[in-house]
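See structure below.
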Amino acid sequence: MAENVTPEGTEQVEGNGWRRFFTTLLPYDQRTLIGTVVFFAIILMIGWVGVNEPARMASFTTQYEARAIMRGAALFRSNCTGCHGINGEGLPGVAPAINTPAMFDGQRLAEVGWAGTLYDYIELTISAGRPVMSQPYPQPMPTWGQDYGGPLRPDQVEDLVAFVLNWGRQYEEGAQPVAGIPTPLPTPTPSFTVVGDDPSTELPAGDAARGEALFQGTAPGPDGAVLACNACHSIDGTLGAGPSVQGLLGRIPDGYASADAYVHESIVQPCAYVREGFDCLMPQNYGTERLDAQTLADLIAYVLQVGQ
Amino acid sequence: MESNFDLKDLPFLKLLREKGLKTAVLETVDDVVLRLTPGLNVADLRSMLRGDPPGRPNPRLRPHADGFWLHIRPGYYNRHITGLYPSFRLGWLSTYFFVLEALTGIFLMLFYTPSTRLAYPNMLQILSNVPFGQFMRDLHRLGAEAMVLFVALHMIRTYITASYKKPRQFTWVTGIILLFFTLFLSFTGYLLPWDQLAYWAVTIGASMAEAAPPPIMGQFANLMLKGAPDLGPNGLLRFYLLHVIGLPVLTLIFIFVHYYKVVLHGHSLPPEREKVGEDTAKRVPVDERRYFLPDIAASEILWTGVVTLLLIVAVTFLYSAKLENHANPLNTPFHSVAPWYFYWAQGLLKLGDKTLMGVIIPSILLVMFMVMPYFDTGPFRYYGRRRFALSLSMLFITIMVIFSWMGTPYFAVQSSLDQEIMFELAPTEKPGLVRVIPYEELEAAISYGTINADAFREIVPRGTELYHVMEVFARELEHARQVPPEKGGLPGVEGFFTVEQVQPDLVAVNLVISWDDGKGGRQSNEQFVPVHREAYIGSEE
Chain A
-18 MAENVTPEGT EQVEGNGWRR FFTTLLPYDQ RTLIGTVVFF AIILMIGWVG
32 VNEPARMASF TTQYEARAIM RGAALFRSNC TGCHGINGEG LPGVAPAINT
82 PAMFDGQRLA EVGWAGTLYD YIELTISAGR PVMSQPYPQP MPTWGQDYGG
132 PLRPDQVEDL VAFVLNWGRQ YEEGAQPVAG IPTPLPTPTP SFTVVGDDPS
182 TELPAGDAAR GEALFQGTAP GPDGAVLACN ACHSIDGTLG AGPSVQGLLG
232 RIPDGYASAD AYVHESIVQP CAYVREGFDC LMPQNYGTER LDAQTLADLI
282 AYVLQVGQ
Chain B
394 MESNFDLKDL PFLKLLREKG LKTAVLETVD DVVLRLTPGL NVADLRSMLR
444 GDPPGRPNPR LRPHADGFWL HIRPGYYNRH ITGLYPSFRL GWLSTYFFVL
494 EALTGIFLML FYTPSTRLAY PNMLQILSNV PFGQFMRDLH RLGAEAMVLF
544 VALHMIRTYI TASYKKPRQF TWVTGIILLF FTLFLSFTGY LLPWDQLAYW
594 AVTIGASMAE AAPPPIMGQF ANLMLKGAPD LGPNGLLRFY LLHVIGLPVL
644 TLIFIFVHYY KVVLHGHSLP PEREKVGEDT AKRVPVDERR YFLPDIAASE
694 ILWTGVVTLL LIVAVTFLYS AKLENHANPL NTPFHSVAPW YFYWAQGLLK
744 LGDKTLMGVI IPSILLVMFM VMPYFDTGPF RYYGRRRFAL SLSMLFITIM
794 VIFSWMGTPY FAVQSSLDQE IMFELAPTEK PGLVRVIPYE ELEAAISYGT
844 INADAFREIV PRGTELYHVM EVFARELEHA RQVPPEKGGL PGVEGFFTVE
894 QVQPDLVAVN LVISWDDGKG GRQSNEQFVP VHREAYIGSE E
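As they're listed, the protein sequences go chains A and B.
If you're matching positions, the first sequence starts at -18 in our numbering and goes up one per residue.
If you're matching positions, the second sequence starts at 394 in our numbering and goes up one per residue.
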């Protein structure tokens, strides 16, 4: 009887093989042995995991940062290239270059008087936009962060910052140029004589057909970049950032010698007269940097043609 | 004021004076052990651990009468239930997983904030900057999945051995409640990482709340659960509170009830060990007894150790809980599914009305399970006399498996082939084929220009990963060409693969699929897939 109540499982069991395996307990001392081995195996495994933790955490961080750059690249492609160019090279008169050494060497920060870090500058600019216009970019940057009413979540803004900062690596001191990465367009040096911003300058006869191509952005201006006046000024009365050209001839304010003079002044000195209901957002460098006399004359001819 | 406290009156010092140091220390230790165990002194403990036969009366029964922890465990079992069969330790393992979840969960709580703004960054923090963070998270996740599995298996075992029959009907009812809590615990925890996987799986699951009839109730239930029409900050907070307080407390209470019923009724014997209609679990002959201390306890500790080791090995070498991109309510990932233990519900939902399939049928099932032991009152527990009941259970399991399969994207999901191809090559929420091509191969592919998927063999070096991916791409396109247009085929489909350098260590693959739209024009699906040099090192999943 004493034999039967011992915990060793020494009593006779019926059957053998599988039946025995399923219905009987291992002897107590064998279970103790297995338990002890298992206990030390657990300690060893946890130790092994612990030893590898620093490397694992570092590798996770590297991977995660790389994936943030990837997500940022996709966000940039779908949200930012319209204004900042497909490689962040900027579009003249629309938005400045991001992919430029000045962005990363402190020059841009100094220009805007930013005392914080480059990361914070980029993050805030993306999140909150640029609330005021800055020359020569008439259109203020919209807010992108959800906190400021934009469409992107904070983590998406962070992904974009990671992507933008990754451009900086090609400008780091001693960095090898990476083949295949398009660098920003060099600032075009005007190889033409600019017309200047004096509205009384004499102009040659205009060609309305070329004016239309320039206005619609289908032909480049003298500096090689498109003008695309239609981005802000419609010709059919649709409201844009600037007034529509439609009906222009009927609303010339007093004091202008001719419709010609009015349009001329409006292009080279956009802020001299601003129509009620609009702000002066138009770049003020057309006369001094971007147009020669023939181009201006062509544009005026086209505007007067459609401004009936 | 005179104190009546005198150091000399301390029992230990008195003992010291009377019996000397050695005896005083030994007797004091003995006393402390007796109070802690409680009821076993050092000699009892040592003889127990050695495996000596107990004395009479058995001192090892005292902790069951006097101690808190053992009072919900029986003092002894019948030896016929102490082997693997018939319990398979499933009940104990379910409890084990509950405790494991509690411990790993407390660890994770230290680093987690239930806010839509911080939850996901906290997850990244746990994975990148907390020693053992990923380890604990993987244990918690794997433990949760295993707990669902083991609780379900425990229920199946109980059904098969007919252990729910009189007098254990109510034990079964509490078991069904515990199964429900387990599912709900796992489900609420699913949301907390606040990634795409979490957000959409829970959105699918929680959509059932909205379907509760009548509509006003559905709206109310949905609002109660999520705090808003859709999952958002309030929903996350509610799921979190349910996950860490509400459900664990309820589960714990029912675990105690469940355990207490085992003390009350004893553990049911294997059916063949009892006469029909008798319940002899409580009348264990002395020579058939297996005392809890140390025998059953040793087995339970052994199982705890073995399963812990298996889990640790699994999370170290085999399993890693996924973390997808940040939750995005505006973008449903392709092929979103509920957690696997709700596949069956998703399968039901595909068949028809949300209210009927998503709410009424599952509720009826739950109620049927609960009342089942009060209707199935036949005395037989032998397998041979329960052919109908056992066939029914097998049928039910088969049906659940089929419904679960129907819940996966393989069944009745309408998606266009171009999306399927893009999903295979570059899905949004996992690496896919393109992103795990070695970076050097992608870099080399820049010089290939645009590769037509039907003519890549001359351009891409054989044996490279890129070659393999292009083979898959070409095969999928061929398949899409052969499917007739009315069945979603893409006539005249062509695929293009172009790599461009975007930034240092960053290339992008432009995938384009274009096909005849049947109106004389071309339609296309384009995807821009950036790949960073460091993004997928050693990552195959």
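Note that CB positions come from ideal geometry on N, CA and C, so glycine has one too.
- Beyond the five residues adjoining it in sequence on each side, B/A621 comes within less than 6 Å, by CB distance, of N627 in the same chain, given in chain order.
- Taken through DSSP and simplified to helix, strand or coil, B/W908 comes out as strand.
- When secondary structure is reduced to three states using DSSP, B/Q812 falls in the helix class.
- B/L454 and A/P8 have their C-alpha atoms spaced approximately 21 Å apart.
- Per the C-alpha coordinates, the member of B/F727, B/K412, B/E869, B/A599 positioned closest to B/L629 is B/A599.
- Relative to the Cα of B/H728, the nearest Cα in the group B/I814, B/E665, B/S756 belongs to B/I814.
- Sorting A/G223, A/C210, A/F259, A/E270 by C-alpha distance to the C-alpha of A/I281 places A/C210 at the top.
- Annotated three-state conformation of B/Y557 is coil, per DSSP.
- By the criterion of a C-beta distance shorter than 6 Å, B/F849 is surrounded in its chain by M863, once the five residues flanking it on both sides are discounted.
- Closer than 8 Å to the CB of A/R232 there is not a single CB belonging to chain B.
- DSSP places B/F889 inside the beta strand (DSSP E), whose first and last residues are 887 to 896.
- Within the same chain, F528 come within 8 Å of B/T709 by CB-CB distance, once the 5 residues on both sides are set aside.
- For B/R455, there are no C-beta contacts with chain A under 9 Å, since the nearest C-beta of that chain is about 17 Å from it.
- Rounded to the nearest whole angstrom, the C-alpha separation of B/N918 and B/T821 is 15 Å.
- Listed in chain order, the positions of the segment 511 to 535 of chain B with a beta carbon within less than 9 Å of a beta carbon of chain A are Y513, P514, L517, L520, S521, N522, V523, P524, F525, G526, Q527, F528.
- B/Y860 has a beta carbon lying at 8 Å or more from every beta carbon in chain A.
- Counting only Cβ-Cβ distances below 8 Å, B/H925 has contacts in chain A at A47, R48, I50, M51, in chain order.
- Taking a Cβ-Cβ cut-off of 7 Å, the neighbours of A/R150 in chain B comprise P897, given in sequence order.
- Listed in chain order, the non-local C-beta contacts of B/F685 below 8 Å within the same chain comprise R453, H457, L463, R466, P467, G468, Y469, Y470, local neighbours out to five positions each way being set aside.
- DSSP places B/Q920 in the uninterrupted beta strand (DSSP E) bounded by 915 to 925.
- At least one CB atom of chain B sits nearer than 8 Å to the CB of A/I27.
- Excluding five sequence positions before and after A/A253, the CB atoms of its chain that fall closer than 7 Å to its own CB belong to E246, given in chain order.
- The three-state secondary structure of B/L535, taken from DSSP, is helix.
- Cβ atoms of A/P203 and A/T276 come within 8 Å of each other, at about 5 Å.
- By the neighbour-count criterion, in which 16 or more other beta carbons inside 10 Å mark a residue as buried, B/R779 falls on the buried side.
- Here A/L230 has A240, L285, G288, Q289 as same chain residues with Cβ atoms under 8 Å from its own Cβ, once five neighbours each way along the sequence are excluded.
- Within chain A, I23, M26, I27, V30 have C-beta atoms less than 8 Å from the C-beta of B/I705, given in sequence order.
- Annotation for B/E869: I814 place their beta carbon closer than 6 Å to its own, counting only its chain and skipping 5 residues before and after.
- Contact between the segment 556 to 564 of chain B and the segment 509 to 522 of chain B is absent: fewer than 3 CB-CB pairs across the two stretches fall below 8 Å.
- For the C-beta of A/V19, the chain B residues within less than 7 Å are, from N- to C-terminus, G698, V699, L702.
- By the neighbour-count criterion, in which 16 or more other beta carbons inside 10 Å mark a residue as buried, B/A819 falls on the buried side.
- Neighbours of A/M38 across chain B, judged by C-beta separation under 9 Å: L520, S521, N522, V523, P524, G526, Q527.
- Every alpha helix (DSSP H) stretch that sits fully inside the segment 678 to 765 of chain B and reaches 4 residues is listed by chain position as 690 to 706, 736 to 744.
- Contact check between the segment 790 to 807 of chain B and the segment 739 to 750 of chain B: three or more CB pairs, one atom from each, fall below 8 Å, which counts as touching.
- The Cβ-Cβ distance between B/T581 and B/H636 falls below 8 Å.
- Here the alpha carbon of B/E665 sits roughly 19 Å from the alpha carbon of B/S784.
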